[in-house]
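Visitor: One structure coming up, written as structure tokens, with questions to follow.
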Amino acid sequence: MALSIGAAIFIAAKPIVKIFISICFGIYFSRKGVLDPHTCKKMSSVIINYFLPCIVFSKVTVAFDSHTMKIAGWTVLTALLYISCGCLFAVLVRLFLPVPKYWKGGAKAAAIFNNSGDIPMAYVMTITASAPFVDGDEDKGIAYVTIFMAIYVITFFTCGGVQFIEQDFHVPDDDPEMIGDAKNEIDEKLHVRKASKWRRLLHLKGKNIADLTELATDDSEKIDSGQPTPSTTAPVPPSDYVINPMSMTESNAVASVSVGRGNAITDTRLHPIESAGLRSLRQEITAGTGLRPTESAGMQSIRQRRSRLPQDAQTVVLDEDDDDGEELDPVVSAVTMELETRHHQNWVVARLILFLRNLYQPPAASLIISIVVAVIAPVKRLFIATDYPMRDAPDGLPPLDFVMDFVEFIGQAAVPMGLMLLGALIGRLHITRLPKGFWKVMAATTLLKLVVLPIIALAWTQRLRESGLIPDDNLILVFVYAVSSAVPSATSQVYLTTFFAPEDADHIGQMDCLAAMLITQYISLTITLAIIVTYTLKVIINA
1 MALSIGAAIF IAAKPIVKIF ISICFGIYFS RKGVLDPHTC KKMSSVIINY
51 FLPCIVFSKV TVAFDSHTMK IAGWTVLTAL LYISCGCLFA VLVRLFLPVP
101 KYWKGGAKAA AIFNNSGDIP MAYVMTITAS APFVDGDEDK GIAYVTIFMA
151 IYVITFFTCG GVQFIEQDFH VPDDDPEMIG DAKNEIDEKL HVRKASKWRR
201 LLHLKGKNIA DLTELATDDS EKIDSGQPTP STTAPVPPSD YVINPMSMTE
251 SNAVASVSVG RGNAITDTRL HPIESAGLRS LRQEITAGTG LRPTESAGMQ
301 SIRQRRSRLP QDAQTVVLDE DDDDGEELDP VVSAVTMELE TRHHQNWVVA
351 RLILFLRNLY QPPAASLIIS IVVAVIAPVK RLFIATDYPM RDAPDGLPPL
401 DFVMDFVEFI GQAAVPMGLM LLGALIGRLH ITRLPKGFWK VMAATTLLKL
451 VVLPIIALAW TQRLRESGLI PDDNLILVFV YAVSSAVPSA TSQVYLTTFF
501 APEDADHIGQ MDCLAAMLIT QYISLTITLA IIVTYTLKVI INA
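Numbering (the UniProt record's numbering), first residue to last: 1 to 543.
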């Protein structure tokens, strides 16, 4: 029996009420100091590493099997389509609307990425209890939502989405909006953060880089006398310099600075590098190119000073007095070019390593294990009663049914706690001041994400059904595709904006913009999501 329009509206509005009640309690507890930032951080860790893996395993294992993996593939493609549409929205907003200079990256991230977790899960868990959905649809719905979450994590955290937010704290020298001491302070803090990111991410030759930002502050006379050269943490060099990281112990360092010909060398950086490796590389390049080192007076002076250093800590020191306008040693230039090439290659390797490491995180690992269990019939039969012939446990249930009972019990806490943390996050947002004309950016982004993208999603889903690419009777799949397209921006952006901002800044303009954007979207969500769900139930699903 088809639903009436009134029944469809009621079914669509009921989950929204539950979601916003949970969010309001989170706001209340944050204002009372119960859910302070420290407590929320600990709770987030528990949710991500304990509750979420349990709910993923309990739902994905039930929802998928070897015959339904095609649906998983189309779900991945759909998630990528939504992100691609978000990229188009970001370009349109940037081209035609007054996006603040200091929030260009944040505006891109807000337009591209969605809240693919809490809200769709809460909606699915509520609406599947009513017609036209049947038993088992809740497990399938949560499993489909999990795939959207996985694609979000991969694209946002591994493929560079985080860098959109980080780039907002690069302050151009000619930016009139941020000048003076505040600009210098932010630049310094940003450089320190980038150096820390290099130490965490780059792993070359199987070892971590010990240090990329040691600055040689003494002149060459101290080196000649054998005195230790003091060093201090320095910002990551600008693009005119080439950092050449090599795996080595802290005791072996060589200053390596690459500049154009004829330019004064005004800075010296220490980078871990093997002396033997450098000699070997020079020999290879000399043999391959037929070039022999022809040393000028300046280069001879450098080599003489270097030869007086211990073998395990030889350091090339370049200063302004050594630059007489002569051309650099061609072998040294070739070495620098080779090391620069290695640096770019190692950046790609570092990205790949970061991607693989993310697969070891509990939610991702749980998803992978769940899919493996789901598609191998004998293994799945250990957890769930299926048609595969296997003896049950003495209680008449599958041998590992107690594992499923445990993960289902624990996983139920993931969604309500996640919604409370979302409310606590919103409760701490404050809007001090907004740039002129920013309301246009908020309105356009909200319209594109909560109205235009759902329309595209519904057309896409209907096309998949008509083409027979997804089962026509899989109503929960259609519903998840619709709901996942009609949610606000990712709330993870708040944490990352706070992370990249200067710790002692009195005011963060980026946070004002983000707070206004999220509050606008969540207020609009009460109307737009109800309309989208009602239309999906009444027209698309044709209940």
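Glycine included, each C-beta is placed from N, C-alpha and C at the ideal position.
On a Cα-Cα basis, can you pick out the residue from F383, A413, E408, I410 that is closest to P399?
Guide: Numbered from 1 along the sequence shown, position 399 holds the residue referred to as residue 399. Looking at the Cα atoms, F383 is the closest of the given residues.
Visitor: How would you write the range of the alpha helix (DSSP H) that T520 sits in, first residue to last?
Guide: Here residue 520 refers to the residue found at position 520 when the sequence shown is read from its first residue. 509-535 is the span of the alpha helix (DSSP H), which, as asked, contains T520.
Visitor: Expressed to the nearest angstrom, what Euclidean distance is found between the alpha-carbon atoms of G106 and C159?
Guide: In the sequence shown, the residue the question calls residue 106 occupies position 106. In the sequence shown, the residue the question calls residue 159 occupies position 159. Computed Cα separation, rounded: 16 Å.
Visitor: Identify, in the order they occur along the chain, each residue of the same chain with its Cβ nearer than 7 Å to the Cβ of T528, setting aside the five sequence neighbours on each side.
Guide: On the sequence shown, position 528 is the one that residue 528 refers to. The answer, listed in chain order, is L450, V451, A486.
Visitor: Would you say L419 and G141 are within 8 Å of each other, going by their C-beta atoms?
Guide: Your numbering for residue 419 matches position 419 in the sequence shown. Your numbering for residue 141 matches position 141 in the sequence shown. It is not a contact, given that the beta carbons lie outside the stated cut-off.
Visitor: Taking the Cβ atom as the reference point for each residue, do D401 and A393 lie within a distance shorter than 8 Å?
Guide: Mapped onto the sequence shown, residue 401 falls at position 401. Mapped onto the sequence shown, residue 393 falls at position 393. For D401 and A393, yes; Cβs fall inside 8 Å.
Visitor: Would you mind working out which of L518, V372, R357 sits nearest L429, comparing C-alpha positions?
Guide: To locate residue 429, count along the sequence shown from 1; it is residue 429. Measuring from the Cα of L429, the nearest candidate turns out to be L518.
Visitor: Which of the three DSSP states, helix, strand or coil, is assigned to S30?
Guide: Along the sequence shown, read from residue 1 onward, the residue named residue 30 stands at position 30. Here S30 sits in helix by DSSP.
Visitor: With 16 as the cutoff for other CB atoms within 10 Å, does P53 come out buried or exposed?
Guide: Within the sequence shown, numbered from 1, the residue matching residue 53 stands at position 53. Under this definition P53 is a buried residue.
Visitor: Between I541 and the rest of its own chain, which residues show a CB-CB distance below 8 Å, the 5 nearest in sequence each way excluded?
Guide: Working through the sequence shown from its first residue, we reach residue 541 at position 541. Contacts found: P132, L475, V478, F479.
Visitor: What is the rounded straight-line gap between the Cα of L3 and the Cα of I71?
Guide: Your numbering for residue 3 matches position 3 in the sequence shown. Your numbering for residue 71 matches position 71 in the sequence shown. Taking the straight line joining both Cα atoms gives about 27 Å.
Visitor: Could you check if D473 is buried or exposed, using at least 16 other CB atoms within 10 Å of its CB as the buried criterion?
Guide: Taking the sequence shown and counting its residues from 1, the one referred to as residue 473 is at position 473. Classification of D473: exposed, given that the 10 Å Cβ count is below 16.
Visitor: Does the distance from the C-beta atom of T126 to that of K59 stay below 8 Å?
Guide: By 1-based counting over the sequence shown, the position of residue 126 is 126. By 1-based counting over the sequence shown, the position of residue 59 is 59. Between T126 and K59, the CB-CB gap reaches or exceeds 8 Å.
Visitor: Looking at C-alpha atoms only, which residue of A424, D168, W103 is the closest neighbour of C513?
Guide: Along the sequence shown, one-based indexing puts residue 513 at 513. Ranking A424, D168, W103 by Cα distance to C513 puts W103 first.
Visitor: Which residues does DSSP pair with S489 in a beta bridge?
Guide: Sequence index remark: in the sequence shown, residue 489 carries index 489 (1-based). Looking at the DSSP assignment, S489 forms a beta bridge with N114.
Visitor: Tell me whether G6 sits in a helix, a strand or coil according to DSSP, three-state version.
Guide: Reading the sequence shown from its first residue, position 6 is the one you call residue 6. Of the three classes helix, strand and coil, the one that applies to G6 here is helix, per DSSP.
Visitor: Since V93 and V99 should fall inside the 8 Å C-beta cutoff, what is the C-beta to C-beta distance between them, to a whole number of angstroms?
Guide: The sequence position of residue 93 within the sequence shown is 93, counting from 1. The sequence position of residue 99 within the sequence shown is 99, counting from 1. Contact holds; Cβ gap of about 6 Å.
Visitor: Classify C87: buried if its beta carbon has 16 or more other beta carbons within 10 angstroms, exposed otherwise.
Guide: As a working note, residue 87 is residue 87 in the sequence shown. By the neighbour-count criterion, in which 16 or more other beta carbons inside 10 Å mark a residue as buried, C87 falls on the exposed side.
Visitor: Can A143 and T534 be called in contact, C-beta distance under 8 Å?
Guide: One-based indexing of the sequence shown puts residue 143 at position 143. One-based indexing of the sequence shown puts residue 534 at position 534. The Cβ atoms of A143 and T534 lie no closer than 8 Å to each other.
Visitor: Hey, is the region 455-471 in contact with the region 488-503, meaning 3+ C-beta pairs nearer than 8 Å?
Guide: No, the region 455-471 is not in contact with the region 488-503.
Visitor: CA-CA distance, I16 and T526?
Guide: Here residue 16 corresponds to residue number 16 of the sequence shown, with the count starting at 1. Here residue 526 corresponds to residue number 526 of the sequence shown, with the count starting at 1. Whole-angstrom Cα-Cα distance: 7 Å.
Visitor: To the nearest angstrom, report how far apart G161 and L397 are at their CA atoms.
Guide: Here residue 161 refers to the residue found at position 161 of the sequence shown. Here residue 397 refers to the residue found at position 397 of the sequence shown. Their backbone Cα atoms lie some 45 Å apart in a straight line.
Visitor: For A413, which residues from the same chain have a beta carbon less than 7 Å from its beta carbon, with the 5 sequence-adjacent residues on both sides left out?
Guide: Taking the first residue of the sequence shown as 1, we reach residue 413 at position 413. The residues are F51.
Visitor: Does F133 come out as helix, strand or coil in the three-state DSSP assignment?
Guide: Your numbering for residue 133 matches position 133 in the sequence shown. Three-state DSSP puts F133 in coil, outside helix and strand.
Visitor: Is the beta carbon of F64 less than 8 Å from the beta carbon of I426?
Guide: Translated into the one-based positions of the sequence shown, residue 64 becomes position 64. Translated into the one-based positions of the sequence shown, residue 426 becomes position 426. No.
Visitor: Where do the ends of the alpha helix (DSSP H) carrying Q462 lie?
Guide: Looking up residue 462 in the sequence shown gives position 462. Note, Q462: alpha helix (DSSP H), 453-466.
Visitor: For I154, which option in T520, A365, E466, D139 has the closest C-alpha, if you only look at C-alpha atoms?
Guide: Taking the sequence shown and counting its residues from 1, the one referred to as residue 154 is at position 154. The option with the nearest alpha carbon to I154 is A365.
Visitor: I believe S489 touches A110 by the beta-carbon criterion, under 8 Å. Please report the beta-carbon distance rounded to the nearest angstrom.
Guide: Start at 1 with the first residue of the sequence shown, and residue 489 comes out as number 489. Start at 1 with the first residue of the sequence shown, and residue 110 comes out as number 110. Yes, they are in contact, since the Cβ atoms of S489 and A110 sit about 4 Å apart, within 8 Å.
Visitor: Do Y123 and V483 have their C-beta atoms within less than 8 Å of each other?
Guide: Within the sequence shown, residue 123 is the residue found at index 123, counting from 1. Within the sequence shown, residue 483 is the residue found at index 483, counting from 1. Yes, they are a contact pair.
Visitor: Does DSSP classify D224 as helix, strand or coil?
Guide: Start at 1 with the first residue of the sequence shown, and residue 224 comes out as number 224. Residue placement at D224 is poorly supported in this model, since its pLDDT is 45, which falls under 50; the coordinates still yield a value, given next. Note: D224 maps to helix in three-state DSSP.
Visitor: If D118 and V415 are in contact, beta carbons under 8 Å, what's the gap, nearest whole angstrom?
Guide: Reading the sequence shown from its first residue, position 118 is the one you call residue 118. Reading the sequence shown from its first residue, position 415 is the one you call residue 415. About 6 Å; that satisfies the 8 Å criterion.
Visitor: Applying the 10 Å Cβ sphere with the 16-neighbour rule, what's the burial state of F89?
Guide: In the sequence shown, residue 89 corresponds to position 89, counting from 1. Buried, by the Cβ-count rule.
Visitor: From this set, V539, A516, A424, P502, which residue's C-alpha is nearest F169's C-alpha?
Guide: Against the sequence shown, residue 169 aligns to sequence position 169. Ranking V539, A516, A424, P502 by Cα distance to F169 puts P502 first.
Visitor: With DSSP run on the structure shown, which of helix, strand or coil describes residue 567?
Guide: The structure shown does not extend to residue 567, since the chain is modelled only from 1 to 543, so the question has no answer here.
Visitor: In this structure, how does DSSP classify G437 when only helix, strand and coil are distinguished?
Guide: By 1-based counting over the sequence shown, the position of residue 437 is 437. Under the three-state reduction of DSSP, G437 is assigned to coil, being neither helix nor strand.
Visitor: Rounded to whole angstroms, what is the Cα-Cα separation between V348 and Q510?
Guide: Taking the sequence shown and counting its residues from 1, one reaches residue 348 at position 348. Taking the sequence shown and counting its residues from 1, one reaches residue 510 at position 510. Whole-angstrom Cα-Cα distance: 30 Å.
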